[in-house]
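Right, one structure below, let's go through it.
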Amino acid sequence: MTVHREVLTGKHLMQGDVACAEGAIAAGCRFFAGYPITPATEIAERMARRMIEVDGMFVQMEDELASMAAIIGASWAGAKAMTATSGPGFSLMQENIGLAVMTETPCVVVNIMRGAPSTGQPTEGAQQDVMQSKWGSHGDYEIIALAPASVQEMFDLTIECFNFAETYRAPTFLLADGFTGHLWERVVIPPPEEIKTVERKKPVVPPDKYLPFKPDEDLVPPMACFGEGYSVHVTGLTHDELGYPKTTDPKIQRELVNRLCQKIRKNSDRIIRTYEFMLEDAEVAVVAYGIPSRSSLSAVKMARKAGIKAGLLRLITVWPFPEKKVEELSNNVKAIVVPEMNCGQVVREVERVAKETPVHFLSKIGGEPHSPSEIFEVIRRAAKT
Amino acid sequence: MTVIQEFEKHPLAKYLRLERFPHIWCEGCGDGIILNCFVKALDDLGVNMDKLVVVSGIGCMGRVAGYIKCDSFHTTHGRPIALATGIKLANPKLTIAVISGDGDLFAIGGNHFIHAARRNVDMTVICSNNFNYGMTGGQVGPTTPLNSYTTTTPYGNIEHPFNLVHLTAAAGAVYVARWTALHVKRLTESIKKALQKKGFKFIEVISPCPEIYGRRNKLGKSIDIMKRYRQISEIRHGYDPAKAEITREKIIVGEFIDIEKPTYGELLQKQFLKIQKKMIGG
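Taken in sequence, the protein lines are chains P and X. For what it's worth, our numbering labels the leading residue of the first sequence as 11, then goes sequentially. For what it's worth, our numbering labels the leading residue of the second sequence as 406, then goes sequentially.
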């Protein structure tokens, strides 16, 4: 049997963080920059061991500002690049996440969410950075964030993150809770030929004809990297199609910022992934993501046993928010239940699109995930209204 | 004749993005001199422009990345060295020059600077030190001399300034030099030496800011500031950088540090070969 250093084909008992690192390597990630932080450190540790084996590059930077800057630099030098962190580090990365958005730099940022604000609960899982993922950096922009709910998905969705980052030239987030990051479960890693990976579009014109920020029809410009002879200028300032600063021309700012949003919005059908369970005839729907979606699944089964027509919509893509899907759902059910490990973040989006349909929010913070019976109780109450 | 046609006649024009000229710098600013010396060094060395990346931060000097005709990155404030580290480590074949100002490199970016020097990442860092934040109108910075006037030290500066060459030498740079914008030939030679040397190299350039810092501190026109550089600068190669503090009476210039030390990339390559051998063997 051939042993692949890049793809560890086979069945493994693996930790979520480690599966994320292996997913990245399988996706073609060859540059990792990071800074230690609980509960994401194991990703950096795995990368420190593994990158050298696959001819990749690992560097521990002086902080998360630097880690984010380094992966942007690495991406422009042609590498698929990633960093991993948790809340406090994620806050520090926001500045350069904005730079990655503005410069259309493909890269992946993993956030293993822990209890917050501030230093909070380093060892406890949470879902408190969902809105920070969407709005954390300054200005208007759209991002892609995927929320795994198992160790298998820590592997699979990390690959998906790289594919989205390369396709849309945008920073893409793997938004996992600390429980999923530290969970040990079975992971099946397929053979390399069964893993779909995507590479960024390259220019098809010679350097003198190339406009580095002129988009194709899909609103994404082909990307020439450093050292390829295209003399690309990259700036965080508002820039024209040549990449040159044009900071006082209203038209250029309007076109650029709208395109950065539209390239994600217009492709949202391609980006949005959901999982549905018993929704066909459901009267009460649970909308959940990450670890609470697992308790929700059990709660829905409990409800069905109790004769309540309940179902589950699990959001795999959290951003862009699957609003069409949730709106459709809200037209078909009597009530929606949203359990989250925060004080109310995705529920705001659900309420925004559900309009008249009652939305029952079940907050749980502190470091204990929801139990199935807690969610079941809310389903039962919701079914009566 | 249009402005661009006139520029095209310049012997170093091919290194510049002429369509972006005239530049933003004030009359008498030292940043244009630094750009001139840098491209002259590229020309003298015959640097492959397809493999050169110029990285800069925010501020007056930060605009330099957009003027040189090669791959270039105008990053966020203070982050050019962290970003350049990513570029260099992901593609070791590229030559990296970071050109930025004192505030960008040593205030907001100070942490990245010392750690890149400590790691000995292969890059040349050129700092235009004009003793204040020029682009935002002249605020106090990490190199502003004691008692100087800026918009945020209206009663005089009470913060002690960094001695950049001492700081850089202590952080582990393999090459440390200081010149003023008056020392055009020596600065060019210094840049050439740095570009040819492996490791983290640092050149401080004392740069006149007649319109902002100079005006507020009554230093006169650029020509007066340049005359002053001639009077008070003293070339002392190999001088102890700890003693090379800039004072009103003296600016010690020259090459302070020129040593050999394995770079981050070299040590990594060694480790890589060892691991690869082990993997093939085992």
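Each residue gets a CB set at the ideal place from its N, CA and C atoms; glycine is no exception.
Check whether the Cβ atoms of residue i and residue j sit closer than 7 Å, and answer yes or no.
i, j, result
"Gly525(X)", "Thr548(X)", "The amino acid occupying residue 525(X) in the given sequence is Asn; Gly does not appear at that position. Taking 7 Å as the Cβ cut-off, Asn525(X) and Thr548(X) do not qualify as a contacting pair."
"Thr284(P)", "Leu323(P)", "yes"
"Ala94(P)", "Val120(P)", "yes"
"Met78(P)", "Met103(P)", "yes"
"Gln131(P)", "Gly377(P)", "yes"
"Val347(P)", "Ala292(P)", "no"
"Val460(X)", "Phe443(X)", "no"
"Glu209(P)", "Glu238(P)", "no"
"Gly604(X)", "Pro497(X)", "no"
"Ala521(X)", "Ala84(P)", "no"
"Val17(P)", "Pro202(P)", "yes"
"Leu247(P)", "Pro260(P)", "no"
"Val570(X)", "Val581(X)", "yes"
"Tyr420(X)", "Phe536(X)", "no"
"Ser627(X)", "Gly433(X)", "yes"
Does the beta-carbon of residue i have 16 or more other beta-carbons within 10 angstroms, so that it is buried, or is it exposed?
i, result
"Gly686(X)", "exposed"
"Asn552(X)", "exposed"
"Lys679(X)", "exposed"
"Cys532(X)", "buried"
"Glu359(P)", "buried"
"Thr529(X)", "buried"
"Arg15(P)", "exposed"
"Met164(P)", "buried"
"Tyr560(X)", "exposed"
"Ile53(P)", "buried"
"Val111(P)", "buried"
"Leu672(X)", "exposed"
"Cys353(P)", "exposed"
"His380(P)", "buried"
"Arg275(P)", "exposed"
"Met11(P)", "Confidence at Met11(P) is low in this model, with a pLDDT of 44, below 50, so its placement is unreliable and the value that follows should be read with caution. Exposed, because fewer than 16 other Cβ atoms sit within 10 Å of the Cβ of Met11(P)."
"Trp145(P)", "exposed"
"Ser383(P)", "exposed"
"Gly33(P)", "buried"
How would you write the range of the beta strand (DSSP E) that residue i sits in, first residue to last?
i, result
"Thr327(P)", "327-329"
"Leu421(X)", "Leu421(X) -> no beta strand (DSSP E), and no H or E assigned at all."
"Trp584(X)", "580-585"
"Tyr45(P)", "No beta strand (DSSP E) contains Tyr45(P), which DSSP labels as neither H nor E."
"Ala345(P)", "345-350"
"Leu156(P)", "154-156"
"Lys606(X)", "605-611"
"Arg124(P)", "117-125"
"Ala87(P)", "Where Ala87(P) is concerned, there is no enclosing beta strand (DSSP E), given that its DSSP letter is neither H nor E."
"Phe385(X)", "Past the edges of chain X, shown from 406 to 687, lies residue 385(X), and the structure says nothing about it."
"Thr245(P)", "243-245"
"Tyr285(P)", "284-287"
"Gly491(X)", "Note, Gly491(X): premise wrong, no beta strand (DSSP E); alpha helix (DSSP H) at 485-495."
Terminal residues of the continuous alpha helix (DSSP H) containing residue i?
i, result
"Cys30(P)", "26-37"
"Ala180(P)", "Taken as a continuous stretch (DSSP letters only), Ala180(P) belongs to no alpha helix (DSSP H), as it is neither H nor E."
"Gly97(P)", "97-112"
"Val526(X)", "Counting along the chain, Val526(X) falls outside any alpha helix (DSSP H), and DSSP gives it neither H nor E."
"Phe189(P)", "188-192"
"Ile262(P)", "260-275"
"Glu134(P)", "Segment 131-135 is the beta strand (DSSP E) holding Glu134(P); no alpha helix (DSSP H) there."
Whole-angstrom Cβ separation of residue i and residue j, contact assumed at under 8 Å?
i, j, result
"Leu185(P)", "Val140(P)", "7 Å"
"Ala37(P)", "Arg60(P)", "With a Cβ gap of about 13 Å, Ala37(P) and Arg60(P) do not count as contacting."
"Leu109(P)", "Ile82(P)", "6 Å"
"Ser612(X)", "Ala586(X)", "5 Å"
"Gly317(P)", "Thr190(P)", "So it is not a contact: roughly 32 Å between Cβ atoms."
"Asn471(X)", "Ser505(X)", "Reading off the sequence, residue 471(X) comes out as Gly, not Asn. No, Gly471(X) and Ser505(X) are not in contact; Cβ-Cβ is about 13 Å, not under 8 Å."
Listed from N- to C-terminal order along the chain, which residues in the region 478-493 of chain X have their beta-carbon within a distance smaller than 9 Å of any beta-carbon of chain P?
Under the 9 Å Cβ criterion, the region 478-493 of chain X contributes Phe478, His479, Thr480, Thr481, His482, Gly483, Arg484, Pro485, Ile486, Ala487, Leu488, Ala489, Thr490, Gly491, Ile492, Lys493.
Using a Cβ cut-off of 7 Å, which residues of the region 97-118 of chain P contact any Cβ in chain X, in chain order?
Only Glu105, Asn106, Leu109 from the region 97-118 of chain P bring a Cβ to less than 7 Å from some Cβ of chain X.
At a Cβ cut of 9 Å, what residues of the region 237-248 of chain P count as close to chain X, listed as they run along the chain?
Across the region 237-248 of chain P, CB contacts with chain X closer than 9 Å involve Gly237, Glu238, Gly239, Tyr240, Ser241, Val242, His243, Val244, Thr245, Gly246, Leu247, in sequence order along the chain.
Give the residues from the region 492-512 of chain X that approach chain P closer than 7 Å (Cβ to any Cβ), ordered along the chain.
Listed by position along the chain: Ile492, Leu494, Ala495, Asn496, Lys498, Leu499.
Compile a chain-ordered list of the residues in the region 515-538 of chain X whose CB is closer than 7 Å to at least one CB of chain P.
Residues of the region 515-538 of chain X with a C-beta less than 7 Å from any C-beta of chain P: Asn516, His517, His520, listed in chain order.
When you check each C-beta in the region 425-455 of chain X against every C-beta of chain P, which residues fall closer than 8 Å?
Only Arg425, Met454, Asp455 from the region 425-455 of chain X bring a Cβ to less than 8 Å from some Cβ of chain P.
Identify each residue in the region 71-97 of chain P for which the Cβ-Cβ distance to at least one residue of chain X is less than 9 Å, and report them in chain order.
Within the region 71-97 of chain P, those residues whose Cβ lies closer than 9 Å to any Cβ of chain X are, in chain order, Met71, Glu72, Asp73, Leu75, Ala76, Ser77, Met78, Ala79, Ala80, Ile81, Ile82, Gly83, Ala84, Ser85, Trp86, Ala87, Gly88, Ala89, Ala91.
Chain P contacts from the region 657-676 of chain X (Cβ-Cβ distance under 9 Å)
Here the close residues are Tyr669, Leu673, Gln676.
Which residues, in order along the region 252-264 of chain P, keep a beta-carbon less than 7 Å from a beta-carbon of chain X?
Answer set for the region 252-264 of chain P: Tyr254, Pro255.
Identify each residue in the region 367-388 of chain P for which the Cβ-Cβ distance to at least one residue of chain X is less than 8 Å, and report them in chain order.
Per Cβ criterion, the list is empty.
Within 9 Å of chain X by C-beta, residues of the region 28-46 of chain P in sequence order
Answer in chain order: Arg40, Phe41, Ala43.
Which residues, in chain order, does the region 603-626 of chain X contribute to contact with chain P at a C-beta distance below 7 Å?
The region 603-626 of chain X vs chain P, Cβ under 7 Å: nothing.
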